[in-house]
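First comes the structure, then the notes that go with it.
Quick look at the structure:
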C-alpha cells in the first residue's frame, strides 16, 4: 500500500504569518509531487508541482522536496484569510493500472484575520 | 479557456436508479480520470482512460462503469446507486500517464451525487 500522510489539522495561523504544511510518502520510487488546494464543496485546484530536490517558489508559495527523507512541504508566506482551505498532497506511484496519483487526506488550514 | 467541464453539478437519484455523470475537456489531453471523494477523505481513483484504453482500479466496484466515446468526453455510469455511493465525483485529465512532470492532473468542478 503506497501511502501519503498529512496532518489533518486544523492548522491555524494569523493573517500575514507563514503557514507550513507537511507531507510524507512511502513510495521511494516516486518522482512527481503536487499540492492542490480544495475549498469546502469544491474540486481540487493545482497550486504547485515539484520534481527535483530542493525548493521551488511561485509567488507566495514555496514547495520543498527531500526525496531521501521522503518528505514534501508547502510554505505559504503572508497568509491571507482566502488561503483558508484544505491542502492536498499528491504523489505519483506505480499501481496495477499504471501510474496513479495518490492523495493524502489533506491538511485543513485556517487563516484568522 | 481550456478546461474540464462536468455535468450536472448536482445530481439527486433514488436508491437503485441508474445515473450517468458527464465530463468533457477542451485540453486535448490523452488521459481522463474518474475519482470518488467522500467528506473529509482523499479523492479515490475509480478508473482512467488512456485514449480508448480503459484501466480499472482493482478495488472499484462493478457497479461503476465508464465510457469514453471520443477524446473530449467521458461518462461515469453508476448502475444501481446505493446510499454509500453518495459522494463528490471528480473528473480529471492529464496529457500523459507516465507519472512524470508532463502528467499534471487538472480537475473539473465535480458532481455532487445524493442518493435518496
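Chains as they are written, first to last, in our numbering: chain E, 96 to 208; chain U, 117 to 232.
Just so you know, even glycine gets a beta-carbon here, dropped at the ideal spot from N, CA and C.
Note that the coordinates shown come from a computational prediction; the quantities given were computed from them, not determined experimentally.
Do you know whose CA, among the options, lies nearest residue i's CA?
i, options, result
"residue 185 of chain U", "U:173, U:148, U:160 and U:178", "U:148"
"residue 182 of chain E", "E:98, E:134 and E:123", "E:134"
"residue 203 of chain E", "E:142, E:102 and E:98", "E:102"
"residue 193 of chain U", "U:207, U:201 and U:181", "U:181"
"residue 178 of chain U", "U:146, U:207 and U:201", "U:201"
"residue 108 of chain E", "E:124, E:164 and E:171", "E:171"
"residue 164 of chain E", "E:125, E:157 and E:141", "E:125"
"residue 206 of chain U", "E:136, E:98 and E:106", "E:136"
"residue 160 of chain U", "U:169, U:168 and U:150", "U:150"
"residue 199 of chain E", "E:105, E:208 and E:117", "E:117"
"residue 157 of chain U", "E:206, E:207, E:197 and E:201", "E:201"
"residue 210 of chain U", "E:154, E:97, E:180 and E:195", "E:195"
"residue 193 of chain E", "U:146, U:127 and U:166", "U:166"
"residue 205 of chain E", "E:98, E:174 and E:148", "E:174"
"residue 153 of chain E", "E:120, E:142 and E:162", "E:142"
"residue 137 of chain U", "U:154, U:222 and U:195", "U:195"
"residue 190 of chain U", "U:127, U:163 and U:126", "U:163"
Mind checking which residues open and close the beta strand (DSSP E) that includes residue i?
i, result
"residue 196 of chain U", "Neither: residue 196 of chain U is in no beta strand (DSSP E) and is coded neither H nor E."
"residue 131 of chain U", "No beta strand (DSSP E) contains residue 131 of chain U, which DSSP labels as neither H nor E."
"residue 169 of chain U", "169-172"
"residue 195 of chain E", "193-198"
"residue 142 of chain U", "Here residue 142 of chain U belongs to no beta strand (DSSP E), and DSSP marks it neither H nor E."
"residue 151 of chain E", "149-153"
"residue 100 of chain E", "99-101"
"residue 185 of chain E", "180-190"
"residue 140 of chain E", "140-145"
"residue 160 of chain E", "156-161"
"residue 160 of chain U", "160-166"
"residue 171 of chain E", "166-171"
"residue 134 of chain E", "No beta strand (DSSP E) contains residue 134 of chain E, which DSSP labels as neither H nor E."
For residue i, which residues in chain U fall below 7 Å Cβ to Cβ?
i, result
"residue 83 of chain E", "The structure shown has nothing for residue 83 of chain E, since chain E only spans 96 to 208."
"residue 198 of chain E", "158 and 159"
"residue 154 of chain E", "The contacting residues do not exist; residue 154 of chain E stays about 18 Å from chain U at best."
Residue i versus chain U: which residues are under 9 Å apart at the beta carbon?
i, result
"residue 162 of chain E", "Per Cβ cutoff of 9 Å: no residues; residue 162 of chain E is ~14 Å from chain U at best."
"residue 134 of chain E", "The contacting residues do not exist; residue 134 of chain E stays about 11 Å from chain U at best."
"residue 149 of chain E", "Simply none; closest approach about 15 Å."
Kindly give me the distance between the Cβ atoms of residue i and residue j, rounded to whole angstroms, as I take these residues to be in contact under 8 Å.
i, j, result
"residue 228 of chain U", "residue 204 of chain U", "5 Å"
"residue 217 of chain U", "residue 146 of chain E", "5 Å"
"residue 215 of chain U", "residue 127 of chain E", "6 Å"
"residue 131 of chain U", "residue 231 of chain U", "6 Å"
"residue 144 of chain U", "residue 187 of chain U", "7 Å"
"residue 98 of chain E", "residue 208 of chain E", "The pair is not a contact, with the Cβ atoms about 35 Å apart (cut-off 8 Å)."
"residue 180 of chain E", "residue 197 of chain E", "No, residue 180 of chain E and residue 197 of chain E are not in contact; Cβ-Cβ is about 20 Å, not under 8 Å."
"residue 220 of chain U", "residue 129 of chain E", "7 Å"
"residue 129 of chain U", "residue 135 of chain U", "4 Å"
"residue 178 of chain E", "residue 112 of chain E", "In fact, because the Cβ distance is near 11 Å, the residues do not count as touching under 8 Å."
List, in order along the chain, the chain E residues whose C-beta lies closer than 7 Å to that of residue i?
i, result
"residue 222 of chain U", "141"
"residue 186 of chain U", "Those within 7 Å of residue 186 of chain U in chain E number zero; the least Cβ separation is about 21 Å."
Counting only Cβ pairs nearer than 8 Å, list the residues of chain U close to residue i.
i, result
"residue 128 of chain E", "The contacting residues do not exist; residue 128 of chain E stays about 10 Å from chain U at best."
Name the chain E residues whose beta carbon is nearer than 8 Å to that of residue i?
i, result
"residue 146 of chain U", "Residues of chain E passing the Cβ test: none, with the nearest at roughly 12 Å."
"residue 123 of chain U", "Result: empty, since nearest Cβ-Cβ is about 14 Å, beyond 8 Å."
"residue 177 of chain U", "By Cβ distance, chain E contributes nothing, its closest Cβ being about 15 Å from residue 177 of chain U, past 8 Å."
"residue 226 of chain U", "137 and 138"
Discussion item. Any C-beta of chain E within less than 7 Å: which residues of the region 190-219 of chain U qualify?
Written reply: If the cut-off is 7 Å between Cβ atoms, the region 190-219 of chain U has 206, 213, 214, 215, 216, 217 and 219 near chain E.
Discussion item. Please list, in chain order, the residues of the region 167-184 of chain E that have any C-beta partner in chain U closer than 8 Å.
Written reply: If the cut-off is 8 Å between Cβ atoms, the region 167-184 of chain E has 183 near chain U.
Item to complete: Determine which residues of the region 97-122 of chain E have a Cβ less than 7 Å from any Cβ of chain U, and write them out in chain order.
Response: Going along the region 97-122 of chain E in chain order, one finds no residue with a Cβ nearer than 7 Å to chain U.
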